[in-house]
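Residue numbers (this note's numbering), protein chains in the order written: chain A, 1 to 275; chain B, 1 to 339; chain C, 1 to 323.
Structure record follows, encoded as structure tokens.
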């Protein structure tokens, strides 16, 4: 019998980084070394600790990384609590890649890109940002607007400071919700910051964050003259199979696990408001 | 067409079951019919249909997907799949036979579900034409002819004889395996019986129900209909409709610690259940209205939108009989219809 | 009766005494009747129905309905009034928001019992001196009326309304129902036979939860079987004993609170006689603590929630368990 997508592979956790008080980034390789499978930016994988649970997570690392995959995971429920408690060397199960990807090789190619992220919402975009950095010639201007509740809640802060901000090729704008000692950057919510920065409407936007942030960001972008056809986001709903069969992650007739998770806002607009 | 006298059905069943597992619908003590593994002496049910649908044969209520052995930090994945044995399901009605086509569209599209395919490959579906459809039947709404069921092979009864014809290679193989019991028969009487059945089908109370106004093109119109509140107000949120339905195929995956390892199961799930879409951080379908709407939108709008207009219902009428509060797809279609 | 009910409901709606009416709504066929809330005279005239097939107990809907704004008129059959009282006792419904009209009860018919006789194409049915005459697509069929009765109506315990604001029709008496006959029969077979009986019945369960969801005694905000953290939220039967435990635990949980309304058996798609589990508890409570009928009143302390010095000792379980 052929392998079945419901039968997972084994992954070994080789590195765990505490990114924020409630977010850790896990590095996963196959037991033989190397990546368990290839993916495109925006795609997801089902991670599981058998007996604890299985859930879908965005692959945070870029496909241009040839050695490992990374997952930035917020402690939120039963499985994520377990993952946060484990040590390096722990094996997990992994299956995927699932879902579509951001159209980095088609629609986004040659475009000026604006990434907008809030909190853990940076996780799926980090894959795209690093992919774009590694294929810099294929894209125009790149700007990242990222905000979180506090300085400590900025995911991948070290990478942002050491690599992205040092990279002349991209502009990074950070913000936190409230003033904080040691922070001399911008203070305020992401949607407002976007409006203040007034990015050029020639840019294609990739946005991810809490639903409320996305809602206000989209409204703000529209005020600035952006249209829904130039804004992409990535969705999350309850998933079990990952391949559009178990029947629970649909928005209208689209399955987030298979037809998504990446949607353009004009596509989402055609679907029922049930997410 | 080849035939066998109805009073020799026992011999036919004995012959089939000699070479492979045979399942037939048979009556329980409470009068309801259910599929059972054939044993000598078992009688074919006269009921129109089985209480549970035939989907269990390919998509069982619970199945073991994979096992895990946990040792320290290591996990071993144990593939528990075994090649299914050949089996025959005899006496499947036209509606249930079509339900397999609906299930195929889910489980046999890429990535193919190997558990389902394994059983589908090894199962031979022998259908039985209806002669006494019920008031709850509306298979005709979905273009199904109860007098000419699909399946690998089909049987028709004229009251005296059972006629058998193959629809494909698998069906032919089945007929060949019992050819010694069959003889060529005259279908004049059978043709009259089938004609009469079609006349009855036309006169059934739900004969005029159509899907003309349903399908993928009115997605938001139906989703936003004001009727959902009234339709769902008495819904108990139980899974009866889902579990007796031959086309409902949503499933859950659950792990159990047996003490010597972890077993991962797949089991039927119901969009009517409150935890169906529950996540660690919220639930997009908080009320029964939304869950109720999902079930019917899936069958009447989403499924056709994704499957070239084919609906996720075959008109078997089980939900009409079994819903504790008698709310069902027919009532929903009639109340909802946007002209 | 139906007409009198509609007229009274229209009056009460018109004079503002109530804002909504909970009753039963006509279906596609004579028998597929749905509990429904009506808000206008037009709706009542068009769809309100009360006949031989209106078996559903609407009491449990009042848990939700009585918390909405305004007053709701509820038509309650005698058996339904017991569930209603029990819900009042358990503080599940807001009495002030409900106007109860007691109506004569059954016996009610169950189309599934007619179908079980092999009768199909049912268009209508009427009782003719103990014989049910059924109009079908295939002509007229007959069967004993008694056999077409809903399981819950076969051993009617009471024609008496234990609560109402007004009555339509006459009030009746508490009946000698013989409802424990089958329980007694099960008590008198061997433990192995009894085990086999329940194993066979409960193995039919498809875990649809209809029995639990319809049950007026099952009003937990979150059932333990729906709670993923409980460790027993098992939609997958990992072994063949799973379903049995679900029903046994449920029977224990409603013991002393179950009024024997029979909805569990009425709705079971697999025809499992679930009411027998509950009746066993009722019978035991009666014999161990003295006769007690849940839902008979709203004030008495239930035997299982009460302590008396002459209560039976726990060892009774052992003594009775000996064959």
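Every residue, glycine too, gets a C-beta built ideally from N, C-alpha and C.
Use the C-beta contact count for residue i: other C-beta atoms within 10 angstroms, 16 or more gives buried, fewer gives exposed.
i: residue 201/C; result: buried
i: residue 250/A; result: buried
i: residue 23/A; result: buried
i: residue 92/B; result: buried
i: residue 178/C; result: exposed
i: residue 75/B; result: buried
i: residue 61/C; result: buried
i: residue 265/B; result: buried
i: residue 45/A; result: buried
i: residue 21/A; result: exposed
i: residue 162/A; result: exposed
i: residue 217/C; result: buried
i: residue 1/C; result: exposed
Would you please verify whether the beta carbon of residue i is less than 8 Å from any beta carbon of chain B?
i: residue 250/A; result: yes
i: residue 138/C; result: yes
i: residue 226/C; result: yes
i: residue 256/C; result: no
i: residue 269/C; result: yes
i: residue 50/A; result: yes
i: residue 106/C; result: no
Hey, out of the options, whose CA is closest to residue i's CA?
i: residue 122/A; options: 275/A, 6/A, 193/A, 157/A; result: 157/A
i: residue 278/A; options: 209/A, 8/A, 131/A, 205/A; result: Nothing in the structure corresponds to residue 278/A, since chain A is present only between 1 and 275.
i: residue 23/C; options: 275/C, 67/C, 8/C, 182/C; result: 8/C
i: residue 65/A; options: 39/A, 45/A, 255/A; result: 39/A
i: residue 9/A; options: 17/A, 18/A, 16/A, 37/A; result: 37/A
i: residue 215/A; options: 260/A, 254/A, 275/A, 176/A; result: 275/A
i: residue 292/B; options: 273/B, 25/B, 282/B; result: 273/B
i: residue 247/C; options: 101/C, 208/C, 92/C, 96/C; result: 208/C
i: residue 278/B; options: 101/A, 268/A, 237/A; result: 237/A
i: residue 178/A; options: 260/A, 245/A, 56/A, 153/A; result: 153/A
i: residue 377/C; options: 147/C, 111/C, 149/C, 155/C; result: With chain C represented from 1 up to 323, any question about residue 377/C goes unanswered, as that position is not in the structure.
i: residue 208/B; options: 44/B, 184/B, 330/B; result: 330/B
i: residue 130/B; options: 47/B, 89/B, 115/B; result: 47/B
i: residue 138/A; options: 34/A, 107/A, 100/A; result: 107/A
i: residue 61/A; options: 99/A, 42/A, 102/A, 75/A; result: 42/A
i: residue 11/A; options: 77/B, 23/B, 64/B; result: 77/B
Tell me, please, whether the CB atom of residue i is closer than 8 Å to any CB atom in chain C?
i: residue 97/B; result: no
i: residue 47/B; result: yes
i: residue 40/B; result: no
i: residue 141/B; result: no
i: residue 240/B; result: yes
i: residue 53/B; result: no
i: residue 61/B; result: yes
i: residue 200/B; result: yes
Identify the residues that DSSP records as bridge partners of residue i: which are they?
i: residue 72/A; result: 25/A
i: residue 232/A; result: 206/A, 264/A
i: residue 186/A; result: 175/A
i: residue 251/B; result: 268/B
i: residue 38/C; result: 21/C
Hey, does residue i have any beta-carbon neighbour from chain A nearer than 8 Å?
i: residue 147/B; result: no
i: residue 290/B; result: yes
i: residue 329/B; result: no
i: residue 113/B; result: yes
i: residue 244/B; result: no
i: residue 23/B; result: no
Quick check on residue i - is its C-beta less than 8 Å from some C-beta in chain E?
i: residue 160/C; result: Considering every chain present, this structure includes no chain E. Its protein chains are A, B and C.
(message) For the region 147 to 161 of chain C against the region 63 to 83 of chain C, do three or more pairs of beta-carbon atoms, one drawn from each stretch, fall closer than 8 Å, so that the two count as touching?
(response) yes
(message) Three or more C-beta pairs under 8 Å: does that hold for the region 195 to 207 of chain A against the region 218 to 230 of chain A?
(response) yes
(request) Count the C-beta pairs between the region 311 to 320 of chain B and the region 289 to 303 of chain B that are closer than 8 Å, then say yes if the count reaches three, no if not. (result) yes
(message) Check whether the region 51 to 69 of chain C and the region 16 to 35 of chain C are in contact - that is, three or more C-beta pairs closer than 8 Å.
(response) yes
(message) Under 8 Å, with one C-beta from each stretch per pair, do the region 257 to 266 of chain C and the region 23 to 33 of chain B reach the 3-pair mark?
(response) no
(message) Pairs of beta-carbons, one from the region 28 to 48 of chain B and one from the region 96 to 107 of chain B, closer than 8 Å: are there three or more?
(response) no
(request) Count the C-beta pairs between the region 8 to 17 of chain B and the region 175 to 194 of chain B that are closer than 8 Å, then say yes if the count reaches three, no if not. (result) yes
(message) With three or more C-beta pairs closer than 8 Å as the rule, is the region 186 to 202 of chain C touching the region 247 to 262 of chain B?
(response) no
(request) Give a yes or no on contact between the region 80 to 99 of chain C and the region 286 to 301 of chain C, applying the rule of three or more CB pairs nearer than 8 Å. (result) yes
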